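Undergrad: Counting from 1 along the sequence shown, just add 57 to a position and that's the residue number in my numbering.
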Amino acid sequence: MEAATTTFIGSSFGISRPAKSVARSAFLATNGQDFHYSSVSYSKPSHRRVAYGSKRCMGVRASLSSSSDSSGSIASIAPLQLESPVGQFLSQILISHPHLVPAAVEQQLEQLQTDRDAEKQKEEPSATSTDLVLYRKIAEVKAIERRKTLEEILYALVVQKFMDANVSLISTMASSSTDPSGGVDTRPSQDEKLERLHSPEAYDMIQNHLALILGNRMGDSTAVVQINKLRAGQVYAASVMYGYFLKRVDQRFQLEKTMKILPNAVDEGETDIHKVVSSHPEAFSDGISHGGFGHGLKASRLRNYVMSFDGETLQRYATIRSKEAVSLIEKHTEALFGRPEIVIALQGTIDSSKDELVKISFGGLKRLVLEAVTFGSFLWDVESYVDSRYHFVLN
Numbered sequence: 058m059e060a061a062t063t064t065f066i067g068s069s070f071g072i073s074r075p076a077k078s079v080a081r082s083a084f085l086a087t088n089g090q091d092f093h094y095s096s097v098s099y100s101k102p103s104h105r106r107v108a109y110g111s112k113r114c115m116g117v118r119a120s121l122s123s124s125s126d127s128s129g130s131i132a133s134i135a136p137l138q139l140e141s142p143v144g145q146f147l148s149q150i151l152i153s154h155p156h157l158v159p160a161a162v163e164q165q166l167e168q169l170q171t172d173r174d175a176e177k178q179k180e181e182p183s184a185t186s187t188d189l190v191l192y193r194k195i196a197e198v199k200a201i202e203r204r205k206t207l208e209e210i211l212y213a214l215v216v217q218k219f220m221d222a223n224v225s226l227i228s229t230m231a232s233s234s235t236d237p238s239g240g241v242d243t244r245p246s247q248d249e250k251l252e253r254l255h256s257p258e259a260y261d262m263i264q265n266h267l268a269l270i271l272g273n274r275m276g277d278s279t280a281v282v283q284i285n286k287l288r289a290g291q292v293y294a295a296s297v298m299y300g301y302f303l304k305r306v307d308q309r310f311q312l313e314k315t316m317k318i319l320p321n322a323v324d325e326g327e328t329d330i331h332k333v334v335s336s337h338p339e340a341f342s343d344g345i346s347h348g349g350f351g352h353g354l355k356a357s358r359l360r361n362y363v364m365s366f367d368g369e370t371l372q373r374y375a376t377i378r379s380k381e382a383v384s385l386i387e388k389h390t391e392a393l394f395g396r397p398e399i400v401i402a403l404q405g406t407i408d409s410s411k412d413e414l415v416k417i418s419f420g421g422l423k424r425l426v427l428e429a430v431t432f433g434s435f436l437w438d439v440e441s442y443v444d445s446r447y448h449f450v451l452n
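(1) Sort S434, L436 and S418 by Cα distance to S246 and report the nearest one.
(2) For P136, tell me which candidate among A295, I227, D236 and K286 has the shortest Cα-Cα distance.
(3) First and last residue of the beta strand (DSSP E) that includes N285?
(4) Take P237 as the anchor and find which of N285, S133 and D172 has the nearest alpha-carbon.
(5) Considering only their Cβ atoms, is the gap separating L151 from A213 smaller than 8 Å?
(6) Report the residue from G421, D444 and V450 whose alpha carbon sits nearest the alpha carbon of M230.
(7) Skipping 5 residues on each side, what residues in its chain have a beta carbon closer than 6 Å to that of L271?
(8) DSSP on S418, reduced to helix/strand/coil?
(9) Between which residues of its own chain and K304 is the CB-CB distance below 6 Å, once the five residues before and five after are set aside?
(10) Enumerate in chain order the residues of its own chain whose CB-to-CB distance from V439 is below 8 Å, with the five nearest sequence positions on each side excluded.
(11) Starting from T187, trace the alpha helix (DSSP H) both ways and give me its first and last residue.
(12) Would you mind reading off the limits of the alpha helix (DSSP H) that contains Y260?
(13) Within this structure, are the beta carbons of S296 and V158 separated by less than 8 Å?
(14) Can you tell me which of the three DSSP states T376 falls into?
(15) According to DSSP, simplified to helix, strand and coil, what is I152?
(16) What residue range is occupied by the uninterrupted alpha helix (DSSP H) comprising N361?
(17) What residues in its chain sit with their C-beta under 7 Å from that of K205, if we drop five residues either side in the sequence?
(18) In whole angstroms, give me the CA-to-CA distance for M262 and T390.
(19) Could you spell out the range, first to last residue, of the alpha helix (DSSP H) harbouring L169?
(20) Is D172 near R203, with beta carbons less than 8 Å apart?
(21) Under 7 Å Cβ to Cβ from D307, same chain only, skipping five residues before and after it: list those, please.
(22) For a quick check, are the C-beta atoms of K388 and L267 less than 8 Å apart?
(23) Mind checking G539: buried by the 16 CB within 10 Å criterion, or exposed?
(24) Does DSSP classify I227 as helix, strand or coil?
(25) Return yes when the Cβ of S365 is within less than 8 Å of the Cβ of P320, no when it is not.
(26) Check each candidate in E428, L451 and V443 and name the one with the smallest Cα separation from E249.
(27) Would you kindly work out how many angstroms separate the C-alpha atoms of Q178 and Y374, rounded to a whole number?
(28) Taking 8 Å as the threshold (C-beta atoms), are Y447 and I482 in contact?
(29) Determine the burial state of D196: buried for a count of at least 16 other Cβ atoms within 10 Å of its Cβ, exposed for fewer.
(30) On the three-state DSSP scale, how would you describe S434?
(31) Give me the residue from N265, K411 and K380 with the minimum Cα distance to L207.
(32) I think E209 touches L139, with their Cβ atoms under 8 Å apart; what is that distance to the nearest whole Å?
(33) What does a CB cutoff of less than 8 Å around P155 pick up in its chain, not counting 5 residues either side in sequence?
(34) Going along the chain, which residues of its own chain have a beta-carbon closer than 7 Å to the beta-carbon of E176, five neighbours each way excluded?
(35) Let me check understanding here. Comparing Cα to Cα, which of A382, F449 and L287 lies closest to V415?
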């Protein structure tokens, strides 16, 4: 299975930068690269690329009918509908007994491993070419089913981690006349809960990421901005990938800090972040970060630590390790924001003028970004956990 590399681009249709810039691009707030547009591409150029907005909407919300819900009501716990038999089973447990999800996942992973081992032990038929083609087709279908099951296991575990933290995921961004923010602004603030889910060093980096997006309006939580869903979805997906990257490097940072083997450069003079981002274009053209790009940015030990990486290490840490995680980011984002109505103009640019607009406060945008970064952080955790029981990650 090839690794999937995060690449940040100027459109949602996969016009990627040269490979040597991939690692730098994934830094987002780390070094001020183009964080605000996102795509996800596989590291081998011959493989397909996926981008937010490039596929059909993959679902609405994970819920059960009232007959399955012990409380008699329809519970909405996440935007993505889990479709496989295992995914539907885990959805029921998430609603009724979320604390039992890890045990249920263990059983399902054991079954997946048993099925995969049995598949490997089967010998290919040698009778006719027709039998061989049929055998391989069946094996391919089964592999696709296992991959989808694995994706939905990862998703269920991410949702369960949010539930454990008593943080509710935003289930939809469908705006209405009574709530043009898609329900974000009417929710109680959960910023403090989300902050506690990250180390102090990682949260400093998240604050920089927020500053790059919100600019000098970061402290003005009541101000309202109008933004189309395509752009909001791109920010969300990029922030998920940033959270995944950040958790990966913070895990290594915390280990080296405990072992007292951090590089000397981490505690030396701080880098002038404003010099790093001074040439960066404004994040958006619809009100975000106007005249205040770089406002509130600060250096941190973790940022200095990341900047001490050599190019090879940097690129490795800027890589989403599995196709399943890449697909999950895309599906979750499309389930949350819906599929944007976009067309390619004659000049080859994206025309999203028909895409639905939402009016959202800067406080609501902050909530969206914090949730996305935390989602990415949890995704790294659960991917590592599942891989330790059912090996599917190659790097």
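We put the beta carbon where it would ideally sit given N, CA and C, even for glycine. Note that the structure is predicted; figures quoted are calculated from it, not measured.
TA: Let's see:
(1) Counting from 1 along the sequence shown, the entry for residue 246 is found at position 189. Minimum Cα distance to S246 is reached at S418.
(2) By 1-based counting over the sequence shown, the position of residue 136 is 79. P136 has its Cα closest to that of I227, out of A295, I227, D236 and K286.
(3) On the sequence shown, residue 285 is found 228 positions in, with the first residue counted as 1. Per DSSP, N285 belongs to the beta strand (DSSP E) from V281 to N285.
(4) For the purposes of this step, residue 237 is taken as the residue at position 180 of the sequence shown. Minimum Cα distance to P237 is reached at N285.
(5) Sequence index remark: in the sequence shown, residue 213 carries index 156 (1-based). Sequence index remark: in the sequence shown, residue 151 carries index 94 (1-based). Cβ distance < 8 Å, so A213 and L151 count as in contact.
(6) For the purposes of this step, residue 230 is taken as residue 173 along the sequence shown, with counting starting at 1. Nearest of G421, D444 and V450 to M230, Cα basis: G421.
(7) Numbered from its first residue, the sequence shown carries residue 271 at position 214. The answer, listed in chain order, is F419.
(8) Position 361 of the sequence shown, counted from the first residue, corresponds to residue 418. Note: S418 maps to strand in three-state DSSP.
(9) Counting from one through the sequence shown, the residue named residue 304 turns up at place 247. Cβ neighbours of K304 beyond the five flanking positions: S434 and W437.
(10) In the sequence shown, residue 439 corresponds to position 382, counting from 1. Result list for V439: L211, L214, V215 and K218, in chain order.
(11) Along the sequence shown, read from residue 1 onward, the residue named residue 187 stands at position 130. Segment S186 to D221, the alpha helix (DSSP H) holding T187.
(12) As a first step, residue 260 is located in the sequence shown; it is residue number 203 there, counting from the start. Where Y260 is concerned, the enclosing alpha helix (DSSP H) stretches over P257 to L271.
(13) Here residue 296 is taken as the residue at index 239 of the sequence shown, counted from 1. Here residue 158 is taken as the residue at index 101 of the sequence shown, counted from 1. Their beta carbons are not under 8 Å apart, which means S296 does not touch V158 by this criterion.
(14) Taking the sequence shown and counting its residues from 1, the one referred to as residue 376 is at position 319. The answer is strand: DSSP assigns T376 an E or B state.
(15) By 1-based counting over the sequence shown, the position of residue 152 is 95. I152: helix per DSSP, three-state reduction.
(16) Translated into the one-based positions of the sequence shown, residue 361 becomes position 304. It spans R358 to M364 - the alpha helix (DSSP H) in which N361 sits, taken as one unbroken run.
(17) Position 148 of the sequence shown, counted from the first residue, corresponds to residue 205. The residues are S141.
(18) To locate residue 262, count along the sequence shown from 1; it is residue 205. To locate residue 390, count along the sequence shown from 1; it is residue 333. Taking the straight line from one Cα to the other gives about 22 Å.
(19) Position 112 of the sequence shown, counting from 1, holds the residue named residue 169. Counting along the chain, the alpha helix (DSSP H) containing L169 begins and ends at V158 to Q178.
(20) Sequence index remark: in the sequence shown, residue 172 carries index 115 (1-based). Sequence index remark: in the sequence shown, residue 203 carries index 146 (1-based). Against a cut-off of 8 Å, the Cβ pair of R203 and D172 comes out as a contact.
(21) Sequence index remark: in the sequence shown, residue 307 carries index 250 (1-based). Result list for D307: S256, E258, A259 and L359, in chain order.
(22) Walking along the sequence shown from the start, residue 388 turns up at place 331. Walking along the sequence shown from the start, residue 267 turns up at place 210. Cβ atoms of K388 and L267: not closer than 8 Å.
(23) Residue 539 falls outside the range modelled here, since the chain spans only 58 to 452, and no answer is possible.
(24) By one-based count along the sequence shown, residue 227 stands at place 170. The answer is coil: DSSP assigns I227 none of H, G, I, E or B.
(25) By 1-based counting over the sequence shown, the position of residue 320 is 263. By 1-based counting over the sequence shown, the position of residue 365 is 308. The answer is yes: Cβ separation under 8 Å.
(26) As a working mapping, residue 249 is identified with position 192 in the sequence shown. Per the Cα distances, E428.
(27) Position 121 of the sequence shown, counted from the first residue, corresponds to residue 178. Position 317 of the sequence shown, counted from the first residue, corresponds to residue 374. Spanning the two alpha carbons is a distance of roughly 35 Å.
(28) The structure shown does not extend to residue 482, since the chain is modelled only from 58 to 452, so the question has no answer here.
(29) As a working mapping, residue 196 is identified with position 139 in the sequence shown. In the sequence as displayed, the identity of residue 196 is Ala instead of Asp. Classification of A196: exposed, given that the 10 Å Cβ count is below 16.
(30) Within the sequence shown, residue 434 is the residue found at index 377, counting from 1. Of the three classes helix, strand and coil, the one that applies to S434 here is helix, per DSSP.
(31) Position 150 of the sequence shown holds residue 207. For L207, the nearest C-alpha among the options comes from K380.
(32) Residue mapping note: residue 209 aligns to position 152 of the sequence shown, counting from 1. Residue mapping note: residue 139 aligns to position 82 of the sequence shown, counting from 1. Right, their Cβ atoms sit about 5 Å apart.
(33) Counting from 1 along the sequence shown, the entry for residue 155 is found at position 98. Taken in chain order, the residues that qualify are Q217, M220 and D221.
(34) Along the sequence shown, one-based indexing puts residue 176 at 119. Around E176: A196 and K199.
(35) Here residue 415 corresponds to residue number 358 of the sequence shown, with the count starting at 1. Nearest C-alpha to V415: L287.
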